[in-house]
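Written below as structure tokens is the structure these notes are about.
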Amino acid sequence: MTDWLVMVVVTTTSVGLALTLGIYGTVVLDRVIGRSIAGEPLRLTRALVGPFQHAALLLLQQRSDTERSDSATWAVAPALLGALAAAALAVVPLTPAVALEVSSGIVYFGATMAMVMVAVFLNGWSANSTFPLIGGYRFVAQALSFEMPLVLVLIAAALPAESLNVADIVRSQDTLWNVVRQPLGLPLYLIAALGVSFLGPLGLPDGIDLAGGTVAELSGTALLLWRAAQAAVLVAVSAMGAAVFLGGWLGPWLPGSVWMALKTLLLIALMVVAKHLFGRVRLERFVVVSWVVLIPVALVHVFLSGILALRRIGS
Amino acid sequence: MTDVLFWIMSGISVLSAWRVFRTDSMVRAAYWLMVSFAAVAVILVLLSAEFLGLVLLLMLAGEMTIMAVFMVMFMMNPAGLNPMTMVHQHRAAIAAGVLSFLGLGAVGVFGRFPAGVSFATRDVTARLGMELLNDSMLIFQTAGVTLLATMIGALAIASRRGRYGLADEDSIEPAVENSQNAGEGPPSTEKGSA
Amino acid sequence: MLAALGAALIVFVAGLSAWLAVRRVGDVLNRPETTGPQRIPFSGGDPPAVHAWNRFHARYYAMALLFLAFDMEMVFMYPWAVVFVREGMIAFVEMLMFIVILMLGILYAWREGALEWS
Amino acid sequence: MTVETLLLVAAALFGIGVYGALSQQSFVMIMMGLELMLSGAILATGTLWAMAAGGTPKGQLLAIVLVTVMAVEMAIGFALVVNVYRIRKADITEKLKTLRG
Amino acid sequence: MVMRDAVAEGLRRLLIPLACRAPVRVFALAGVNSPTNIDDLRLRDDICLVDSPRSANVLWVAGLLPAPLQDSARRVHAMMSHPRATVWSRPSVMTAEHATLFPHATIVGPSEDLFEALRTVQRALLTKRHASDEALLPDEEPAPWRGVGPYGQGGTGMTGGVPYGRPMAERAPDRDGLELDQLPMRIGPFFPPFPSGLILDVRLQGDVVQEVTIAESLFAQGNVLSSGESQGDLLRDPFRRALTEPVPVGELELARARHHLRWLAHALRVHGLEALGRRVLMFVPALEPGKAGDILALRRLLDRIRTFDWSTAGVGILERQQLSGRGLGPVARAAGLSDDSRLVDPAYDKLGFEPLVHNDGDCRARWRQRLGEVIQSLALARAGAQPAGGAGSVESPRGVLRPETGPTPALLTLLPGLVRGMEWGDAVTTIVSLDLDVREARAASPVETPTSGKPAVERDE
Chain A
27 MTDWLVMVVV
37 TTTSVGLALT
47 LGIYGTVVLD
57 RVIGRSIAGE
67 PLRLTRALVG
77 PFQHAALLLL
87 QQRSDTERSD
97 SATWAVAPAL
107 LGALAAAALA
117 VVPLTPAVAL
127 EVSSGIVYFG
137 ATMAMVMVAV
147 FLNGWSANST
157 FPLIGGYRFV
167 AQALSFEMPL
177 VLVLIAAALP
187 AESLNVADIV
197 RSQDTLWNVV
207 RQPLGLPLYL
217 IAALGVSFLG
227 PLGLPDGIDL
237 AGGTVAELSG
247 TALLLWRAAQ
257 AAVLVAVSAM
267 GAAVFLGGWL
277 GPWLPGSVWM
287 ALKTLLLIAL
297 MVVAKHLFGR
307 VRLERFVVVS
317 WVVLIPVALV
327 HVFLSGILAL
337 RRIGS
Chain B
2 MTDVLFWIMS
12 GISVLSAWRV
22 FRTDSMVRAA
32 YWLMVSFAAV
42 AVILVLLSAE
52 FLGLVLLLML
62 AGEMTIMAVF
72 MVMFMMNPAG
82 LNPMTMVHQH
92 RAAIAAGVLS
102 FLGLGAVGVF
112 GRFPAGVSFA
122 TRDVTARLGM
132 ELLNDSMLIF
142 QTAGVTLLAT
152 MIGALAIASR
162 RGRYGLADED
172 SIEPAVENSQ
182 NAGEGPPSTE
192 KGSA
Chain C
2 MLAALGAALI
12 VFVAGLSAWL
22 AVRRVGDVLN
32 RPETTGPQRI
42 PFSGGDPPAV
52 HAWNRFHARY
62 YAMALLFLAF
72 DMEMVFMYPW
82 AVVFVREGMI
92 AFVEMLMFIV
102 ILMLGILYAW
112 REGALEWS
Chain D
211 MTVETLLLVA
221 AALFGIGVYG
231 ALSQQSFVMI
241 MMGLELMLSG
251 AILATGTLWA
261 MAAGGTPKGQ
271 LLAIVLVTVM
281 AVEMAIGFAL
291 VVNVYRIRKA
301 DITEKLKTLR
311 G
Chain E
326 MVMRDAVAEG
336 LRRLLIPLAC
346 RAPVRVFALA
356 GVNSPTNIDD
366 LRLRDDICLV
376 DSPRSANVLW
386 VAGLLPAPLQ
396 DSARRVHAMM
406 SHPRATVWSR
416 PSVMTAEHAT
426 LFPHATIVGP
436 SEDLFEALRT
446 VQRALLTKRH
456 ASDEALLPDE
466 EPAPWRGVGP
476 YGQGGTGMTG
486 GVPYGRPMAE
496 RAPDRDGLEL
506 DQLPMRIGPF
516 FPPFPSGLIL
526 DVRLQGDVVQ
536 EVTIAESLFA
546 QGNVLSSGES
556 QGDLLRDPFR
566 RALTEPVPVG
576 ELELARARHH
586 LRWLAHALRV
596 HGLEALGRRV
606 LMFVPALEPG
616 KAGDILALRR
626 LLDRIRTFDW
636 STAGVGILER
646 QQLSGRGLGP
656 VARAAGLSDD
666 SRLVDPAYDK
676 LGFEPLVHND
686 GDCRARWRQR
696 LGEVIQSLAL
706 ARAGAQPAGG
716 AGSVESPRGV
726 LRPETGPTPA
736 LLTLLPGLVR
746 GMEWGDAVTT
756 IVSLDLDVRE
766 ARAASPVETP
776 TSGKPAVERD
786 E
């Protein structure tokens, strides 16, 4: 029992810490990368304190409401999104010591990422306003399309590890990282990750063509919490990607947690670059491409990884 | 500890199942059902059917959102802006519900079940995989065929373009059409007018 | 193992409470009461004629049906992944058969145009 | 957490499902009732697998088959709802006297 | 309770100094004759333009608002959350009706520093030196709707009631054969992706546009051009001047390049490429005749980033016969017509001017056309002081401009047929790609029927 309590406390604090730092890092990276792509001077100090100023401004703003909105589900949606990100991060081994050894880790991760759909849909639905509503529906279409590739690449990574436990998957990359062993895995995963954190090319639910879509009717704390939850999801998927494809805590010289943090930040940065460089795609087109290209490719990827895993064991 | 969690979860599960039929908003109804299922999934995890519980959660998110999407599509007043109940044979249904609860509950309480042998703890999933690939291979493959049939069937039923014209415009197979034209059949639209 | 998932559940609850707590703080800092005109949904400045909640025609309903069935493939794939290396070629062939059968479904859907907006 | 209590919970879920399936007028709400009945069944299967069947993988397989049934039921059910609505503009059972397309 | 208030006060004291340094959250209402261009705000580090008035602290009214837009402007003001304030950039010319439009507004004259004003206002708002704007519209109680019918609903039948004073959507037929609800909604005049003042009555089923009509009020009394208010805008525009007097080719062509680049920045923003849009905006003041290196690099970059291509290719196709002879400028040229009034201008003839042409006629062809014309314009601008125009009509960046009218009215007649059947995102892409300017719209007599377009785009063929 005391062991368990210690585990709970350690996990909760480490997840909380990782999420806070990750969200902060995401916002800073977003600004730095955005400005460098725009060709503007960087102004690093401003980038570093900016997130706090912004958050303070939103905390001091009134929370808006709409006519006959479903206020209960509207309140739950951001909390659910944030909680899902936290829960997903809990099974990602941040260091070899702090790892929840969930033997169906990637099933669990897949479940939390699928639930993101519920949170975003609710956030769009609850406002009783057309643009958020369309945004919510867009996310459902998008989620139904990217969910399968997301899960399939994780299954492929589980093959050589012979386990669904994320920590086992990290350990299986002792000799060779999955990013090399399964070259298709990371790109597919990143596409799906952009989808799950509704960013950039797949930021369809809150596009400007919907005046902000799911966030169009949000203000003040509600907006702050929603953006924080979105960044938290980005952190969670990036951490998972770092663990599954970039060898997690493995790495020379530095302690495992530092490696993990660096790799996660690298993936976050990659996705933020994608956000700023790739425009919003057409949803209709993405759905077809996802079913006709991404899912078959992900399946082929699973089988190829399987054959490679068999050969490695055989030899 | 597990007992406490079990009672909480069964409470959530039954209560939210009840809420499903007591809410005006279709989206809320669908997600109450999801909460009910999620609580069942946690109970399954408590029963050390860890994989089953988690996979149920994974399925649920998609299925219940799709459920919400369809419910909103086909219910008038989907958000319950005008509160209104839409039930029929209410008393009979309650009676049937109570009866089935009592019947099944009686089986549960008075039935005799073989005592639980030590169940597998660590590699439940692996044993399930072995089972799938060896003894129950046929079940596994049959599931594949069933799902294929489901996909094709569902798409064929739901799509507007039937083989003989638009589904909502009295499309009739040519052979049937001929026999009907002998009498006074409804005029049929052109073939494949889509 | 149960302990780990229990901890994960607690992290979930903690996340939920953290987000709701900040929301509460925001509401204490600024009263969320709004006036009637303030609650009008935004669509460029003019008020809507009807409520936005309607029988929303989700144009991708055929794809959603496809998803319902195809999603099940994952349930079978997880346990398969665990034993794949142990079982070797048999596992490979069996899953290949299963997947090819399911892919026929996608192929059919694509040919029927079920993935496009209806 | 005993076999009896677990089965009682499963029976309660099933009972609510029966009530819903019989009392609701709208097609989709009837399907909610069916889903709840299946949820009761899944819980019962899980219970018996863990508590009485010695954890044989066949028990879990049965539960997985039930989940599959759930998905199939939803897919076909919704497809029928779409079709009926398209042809008859009907969304509640009362509007449908016969099942002939 | 007291405890809670004390904690809140403490927290507020902690947050206010931080928030005071945050970028100003501004929602812009673009009017006419504004001393400051909205694009100038986008490049500012200390200003954050938001897409919905909900989360803005400051409502920036740029210039004067024509009478038909004033009610909408007040409504936008009402939608903002507290604390809120209004800053009004006003030209020197002003009519009496404007004086009472925003009684609480901080007025910024043409010579004053707008950015400083915006910053000061937000800071004053946070420190409570400036009271949050009071509601300009009365707080009306929603219409009663509960408890009328037998189940407590608002009327007879399921959709009989009017919850919150609004009815519910009604069913309508659809191309899919499913008769689901059709959502009538009015979009604009301050919908950020659209040009200010464009008001569309849209009927949506799901996210698909079933029907679009251009709201009448746009034409009724909204003629800004004739009201004398926008003289300042006109005089700054070299194309307007070129209607009556010769203007150097260099000036015209640089202005054309600037206009297209501003348009491109907006289009990129609407596609989610905000940072790239800012980069494009930064080119605008630095444009020089003959130096197209940056623009060429930009074109290469956009070519390499395929997503912008993908999301515009095949969207919003306009056929040649719809466009020919109407003076629709880049839109016509993107569809393969070499329709350019510069061809008949002797000054351009001397330069050996040949119009650029793209063939597809879709949104992608339109942005490529405009980007190509930027490069071409920079080359032409080298001719410098050579005078052109003055012949009563001129090829503006949007198309042929005459004293009474511009290309926008003709484009607006094409619009309803063009976006019918499109997913909303595609419809926005298309409308943005047409580069409309509502200030030109009045001259379009509403008599001209909007059915002259081609039949609805049937996309489920």
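Chains as they are written, first to last, in this note's numbering: chain A, 27 to 341; chain B, 2 to 195; chain C, 2 to 119; chain D, 211 to 311; chain E, 326 to 786. From the three backbone atoms N, C-alpha and C, an ideal C-beta is built for every residue, glycine too.
When Gly639/E, Arg695/E, Glu679/E and Gln711/E are compared, the shortest CA-CA separation from Ala752/E is found for Gly639/E. Residue-level contact by beta carbon fails for Val84/C and chain D, as no gap is shorter than 7 angstroms.
Here Ala187/A is near Ile195/A, since their CB atoms are less than 7 angstroms apart.
Arg296/D belongs to the set of residues whose beta carbon lies under 7 angstroms from a beta carbon in chain E.
Contact between Gly654/E and Val682/E is absent: CB atoms are separated by about 12 angstroms, not below the 8 angstroms threshold. Contact between Ala430/E and Thr411/E holds: CB atoms are separated by about 4 angstroms, below the 8 angstroms threshold.
For the 7 angstroms CB-CB criterion, Leu105/C and Leu149/B form a contact. For the pair Ala167/A and Tyr61/C, the CB atoms are nearer than the 7 angstroms cut-off. Relative to Trp285/A, the option among Ala269/A, Leu296/A and Val299/A whose CA is nearest is Ala269/A.
Under the DSSP assignment, Gly724/E falls outside any alpha helix (DSSP H), being part of the beta strand (DSSP E) whose first and last residues are Gly724 to Leu726. For Leu133/B, at least one C-beta of chain C is nearer than 7 angstroms to its own C-beta. Pairing Ala262/A with Ala125/A gives a Cβ-Cβ distance that is not under 7 angstroms.
The C-beta separation of Ala112/A from Val41/A comes to about 5 angstroms, placing the pair in contact by the 8 angstroms criterion. Between the stretch 566–585 of chain E and the stretch 713–723 of chain E, the count of C-beta pairs closer than 8 angstroms reaches three or more; the two stretches touch.
Beta bridge pairing from DSSP links Asp506/E with Arg496/E. Every beta strand (DSSP E) of 3 residues or more that sits fully in the stretch 382–428 of chain E is shown, in chain order, as 383–387 and 410–414.
In the DSSP assignment, Ile372/E falls within the beta strand (DSSP E) that extends over Ile372 to Leu374. Against chain C, the CB of Ile252/D has no partner CB under 7 angstroms away; the residue lies outside that interface.
When Cβ-Cβ separations below 7 angstroms define contact, Met280/D makes no contact with chain C. Non-local C-beta neighbours of Gly724/E in its own chain, meaning closer than 6 angstroms and more than five positions away in sequence, comprise Gly652, Leu653, Gly654 and Pro732, ordered along the chain.
Around the beta carbon of Asn191/A, 16 or more other beta carbons lie within 10 angstroms, which makes this residue buried.
Each of Ala155/B, Met27/B, Thr3/B and Ser160/B was checked against the Cα of Gly114/C, and the nearest Cα belongs to Ser160/B.
Within chain C, the residues Arg60 and Trp118 have their CB atoms less than 9 angstroms from the CB of Glu748/E, given in chain order. A check of alpha carbon separations from Val84/C across Ile44/B, Glu132/B, Ser26/B and Ala127/B identifies Ala127/B as the nearest.
One thing to note: Asp532/E has its Cβ no nearer than 7 angstroms to the Cβ of Thr36/C. Under DSSP, no beta-bridge partner is assigned to Leu210/A. Counting only Cβ-Cβ distances below 8 angstroms, Leu129/B has contacts in chain C at Pro80, in chain order.
Neighbours of Phe52/B in chain A, taken as residues at a C-beta separation under 7 angstroms, are given in chain order as Ser130 and Val133. Under DSSP, Gln530/E shares a beta bridge with Val533/E.
Less than 7 angstroms divides the Cβ of Val51/C from the Cβ of Arg491/E. In the DSSP assignment, Val351/E is bridged to Leu374/E and Val383/E. Assignment of Thr569/E by DSSP, reduced to helix, strand and coil, places it in the coil class.
Among the residues of chain D, none has a CB under 8 angstroms from the CB of Leu58/B; the nearest is roughly 11 angstroms distant. Chain E has no Cβ within less than 7 angstroms of the Cβ of Arg23/B. Pro115/B has its alpha-carbon roughly 22 angstroms from the corresponding atom of Ile274/D. Across the structure, Tyr134/A and Gly238/A are spaced so that their CA atoms are roughly 31 angstroms apart.
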